[in-house]
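Chains as they are written, first to last, in the numbering used here: chain W, 1 to 402; chain F, 1001 to 1280; chain Y, 2001 to 2272.
Even for Gly, the Cβ is constructed at its ideal location relative to N, Cα and C.
Treat the numbers as computed from the prediction; the structure is a model and nothing was measured.
Heads up, the thing below is written out as structure tokens.
Okay, here's the thing in structure tokens:
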């Protein structure tokens, strides 16, 4: 009996190893962006008679898997999708293969900037995400509110709508980690603060940052209770259900907002630029990139695929699936502009979008920062206390990495 | 004089070998990793450990979680075991129903409760609102104290059945003579419970507590899905912190050091508990 | 009166245990709008099988299911095959000094090893022998998780059996192995069944190792597949709950079949 089992085991060990010559394994994000790449990969696979194996994982898990694969050089993945803040970490220790030929100039400069390390390109930009400000146009008209150009306007509008209607004026996500930090950056920048100063030292304890955080807490008062634990799905659910009137969000959600099978308020939401405060509003860049790990056994095929997938026709397909492109020509193509009323605003936002700080310790920094933000938003500590704590921990992180 | 190997060794050897390969080697490797970083041998992970406020907080919260969950699960499990044992009909049906939660993958249980706890759309607040309660401030997994309690509740929901099962088995294995004797002596229900049943149940109780405690100290799946350690670090447990340090920050050395220290502590605790059990 | 109270309490407990599972099932059958509706919809909704179709057609769910099945059954069988003899050896033979207790404690202490502790070395070990991202590797790990439990449980069951039958057989010339297989094995069947079901459930629901040690679909199990539906932008409640329902069906079926062994089996053994 045991004999049979061991034989079976050996057989299993054999069969479960993929790596036949005509396979391509891609690791994608579980979401709109990943779905688009999956579809593209299947199409490419049929053209080239190659079997495509897809690994689809949620955001944080995707990073862990890719980071582990690159570090231990297991070569499990041929093509990986990465959020741009991950780039510095993944490119370290020669984890990624340099591009065989440089990307062409149709790509937007802001998206290309995050694909470079020390002058060499290691990735191609696939999705050009920059945050937009979502707000209920119909309610703004009802209460005769001007457009939300400044954060102060946003707060006042939220308070008005919140009192007048049975809903929340604003909604945001402040779950520790990526959620809290991503939603806070535009506020931080608009108030004139930043994570690092010009010398690269952590500057979260500055008055501008604390003002921004205090403002965030004010917004929190007109947001659904529990927002200190919200992720993107809760934010969007509130918008879709019509229980919140405004939020920062990513263009990936635009399609759902207007889809009657998912949204109770189709057509009522407007997508605008980031509000300003002391400084003009700046959208945060969130670009998804495609790269080829250096340990991949199918590098040539992998590069062939990613150049094809980031070409104009494929980016157009991806755009139709809800992913903003990274090529100017695609943004300006008449067919898409007719379909996506927000494209002109998005292009402008994307060109001026600002990436998060480029550091290999970003994950740890985002974690420390996110925890402090979440604690401040749940009332555990004061705004000053939170930012001083974050500052200290980021300094320690930088110190340890030297 | 040659010493003969114990005859039973050949029976135990295969199991021992497999376990040794899966635990001794990894443990040695773990210690090695905990004492090195990119530059070579170093103690710095351990020194950092003793100054790391977050680790102490995580460890303390793990302990709180374990004690609270264990206490609730034990008393509920015992009460249910006694209750079901005393039912005249339908025992099997009740038992099967009560066992259901512990069959779910913890991951699935956590996602379900995450939806239940959702302050706006979750069924918990929905029902409370229908009963007339104000749910505006009931944010379950987002409040500082309520987050920990909410997470503990999920554990209690899922694992009380485990204690219920073990204690039921224990109750069934109590011989009838002492119970008869007590009845003949005129002892009432509570007297019998206190003086006859519980003492006879002691070995089962200790075993149940030991098994459950071991699993509670390494709790991970539910918290990972429900709160990711938040809000802030209100539900951060040791396993979560170690996991994140290893796989998100790629700091294997520090994670290894924390794991080792955690292992030492839980081994000592388990040793103490087992002494209580007086294993034969 | 007391009976009414008792039955009411039992019913309440049952409701508390089953309601969330019922909720899981309804979510898997609702459209997205119904899922998030407020006030919550318990019964009056139009069901859809879309989510179930989706997970099998688009999400490689059949693959995860098969993987979980293979890993659980193989690791349980191997754990039993290694654990029963070990339990027998500890229970029936004479050991010098405190060895028996020491070995038992050491075996049990492995159960205490938090997976976090072994996961990094395990990852690297399996990579060396090319068992990373494979079902065989996961089976190995799950054997390690379940073996201590098997030894611990079965030792109690074996010790409970009267020695006379075995001794008679030995005197008759039967080998030890024969005694184990022909006499002991049938007698400990209830305990074995209970232990086997526990092992199956543990392996079926195991998450952390399956998460880290698998890199592609060929090696991913159900819990990993389910967790991967918890995305950043949109928790796919429908898909995840459909997956959850299908994930618990085999366990429920097997558990209710072996149910009568549970209580009896546990009460016969290891309760010392």
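{"Item": "Coil, strand or helix - residue 154(W) by DSSP", "Value": "helix"}
{"Item": "Three-way DSSP call (helix, strand, coil) for residue 190(W) in this model", "Value": "helix"}
{"Item": "DSSP state of residue 1060(F) mapped onto helix, strand, coil", "Value": "helix"}
{"Item": "Per-residue contacts from residue 1300(F) into chain W (C-beta, under 8 Å)", "Value": "Given a span of 1001 to 1280 for chain F in the structure shown, any question on residue 1300(F) remains unanswerable."}
{"Item": "Rounded straight-line distance, which links the Cα of residue 397(W) to that of residue 46(W)", "Value": "46 Å"}
{"Item": "Residues of the region 2017 to 2031 of chain Y with Cβ closer than 9 Å to any Cβ of chain F, in chain order", "Value": "2017, 2018, 2019, 2020, 2021, 2023, 2024 and 2027"}
{"Item": "When 27(W), 36(W) and 22(W) are compared against residue 320(W), the one with the closest alpha-carbon", "Value": "36(W)"}
{"Item": "CB contact flag (residue 176(W), residue 1228(F), <8 Å)", "Value": "yes"}
{"Item": "Boundaries of the beta strand (DSSP E) in which residue 247(W) is found, first to last residue", "Value": "246 to 249"}
{"Item": "Cβ neighbours of residue 121(W) in the same chain (closer than 8 Å, five flanking residues each side left out)", "Value": "98, 99, 102, 103, 112 and 115"}
{"Item": "8 Å Cβ cutoff met for residue 2247(Y) and residue 1011(F)", "Value": "no"}
{"Item": "Residue of 198(W), 201(W), 223(W) and 188(W) minimising C-alpha distance to residue 210(W)", "Value": "188(W)"}
{"Item": "Inter-residue spacing [alpha-carbon to alpha-carbon] between residue 271(W) and residue 250(W)", "Value": "10 Å"}
{"Item": "Start-to-end residues for the beta strand (DSSP E) that takes in residue 126(W)", "Value": "124 to 130"}
{"Item": "Contact set between residue 1120(F) and chain W, taken where Cβ atoms lie within less than 7 Å", "Value": "224, 238 and 243"}
{"Item": "Sheet register partners of residue 29(W) (DSSP bridge)", "Value": "57(W)"}
{"Item": "Within 8 Å, strictly: CB atoms of residue 2252(Y) and residue 1103(F)", "Value": "yes"}
{"Item": "Under 7 Å by beta carbon: chain W residues contacting residue 1229(F)", "Value": "176"}
{"Item": "Length of the line joining the Cα atoms of residue 229(W) and residue 173(W)", "Value": "7 Å"}
{"Item": "Contact check, residue 420(W) vs residue 41(W), beta carbons under 8 Å", "Value": "In the structure displayed, chain W extends from 1 to 402; residue 420(W) sits before or after that span and is not available."}
{"Item": "Inter-residue Cα distance where the pair is residue 18(W) and residue 2218(Y)", "Value": "Interpretation of residue 18(W) is limited by its pLDDT of 44, a score under 50 that renders its predicted location unreliable; the figure taken from the coordinates is listed afterwards. Going by the C-alpha atoms only, they are around 8 Å apart."}
{"Item": "Environment of residue 2171(Y) [buried if 16+ CB atoms lie within 10 Å]", "Value": "exposed"}
{"Item": "Buried versus exposed call for residue 1176(F) [16 or more other C-beta atoms within 10 Å across all chains shown]", "Value": "exposed"}
{"Item": "7 Å Cβ cut-off: residues of chain F touching residue 2083(Y)", "Value": "1015"}
{"Item": "Same chain, Cβ closer than 6 Å to residue 1119(F), neighbours up to 5 away in sequence not counted", "Value": "1125 and 1139"}
{"Item": "Length of the line joining the Cα atoms of residue 51(W) and residue 133(W)", "Value": "40 Å"}
{"Item": "CA-to-CA distance, residue 1071(F) to residue 949(F), given in whole angstroms", "Value": "This structure cannot settle anything about residue 949(F), because the visible part of chain F is limited to 1001 through 1280."}
{"Item": "Under 8 Å from the C-beta of residue 76(W): neighbouring residues of chain F", "Value": "Neighbours of residue 76(W) on chain F: none; closest Cβ ~15 Å, over 8 Å."}
{"Item": "Pairwise C-alpha distance: residue 1028(F) and residue 363(W)", "Value": "29 Å"}
{"Item": "Alpha helix (DSSP H) runs contained entirely in the region 2005 to 2054 of chain Y, provided each spans 4 or more residues", "Value": "2032 to 2035"}
{"Item": "For residue 1038(F), the three-state DSSP class (helix, strand or coil)", "Value": "coil"}
{"Item": "Residue 83(W) (DSSP reduced to helix, strand or coil)", "Value": "strand"}
{"Item": "Whole-Å CB distance - residue 1203(F) paired with residue 1157(F), under 8 Å assumed", "Value": "Not really, about 27 Å apart at Cβ, beyond 8 Å."}
{"Item": "Exposure of residue 2175(Y), with buried meaning 16 or more beta-carbon neighbours within 10 Å", "Value": "exposed"}
{"Item": "Cross-strand partners of residue 202(W) (DSSP beta bridge)", "Value": "196(W)"}
{"Item": "Local conformation of residue 1264(F) per DSSP, three classes", "Value": "helix"}
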